[in-house]
Amino acid sequence: MGRKNWLFSGSPGGADSLAGFYSIIETAKGNGLEPYWYMRYLLEKLTTCQTDDEIYKLMPNKIGTDVISRFRSGAN
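So in the numbering used here the end of the sequence shown lands on 77, straight run, no missing numbers.
Spelled out as structure tokens, the structure:
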């Protein structure tokens, strides 16, 4: 990630949010997950989370590639 990636973040707070987003994407990639499908899975599942523990279980290092594969098969 270079400095031009932060050019349109709008504000320091926006840059912090963007950095967090990129961090999640790169962690997903590092754990063998396809970022697009992981984000679709994450955004769908976050709507039903009620505790911090439930959110923690959705982190890329806690989700197996088989979970995303099953989600992808059902989403098509």
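Beta carbons are placed, not taken as given, at the ideal position from N, Cα and C, and that holds for glycine. Here the structure is a predicted model, which means the values were calculated and not measured.
| Query | Result |
| --- | --- |
| Collapsed DSSP secondary structure at THR28 in the structure displayed | helix |
| Identity of the residue in ASN62, TYR42 and ASP17 nearest ARG73 by Cα | TYR42 |
| Beta-carbon gap between ILE56 and LEU34 smaller than 9 Å | no |
| Runs of alpha helix (DSSP H) lying entirely within the segment 30-76, each at least 4 residues, in chain order | 36-47, 53-57 and 66-76 |
| Three-state secondary structure assigned by DSSP to GLY11 | coil |
| TRP38 versus ARG71: straight-line alpha-carbon distance, rounded | 10 Å |
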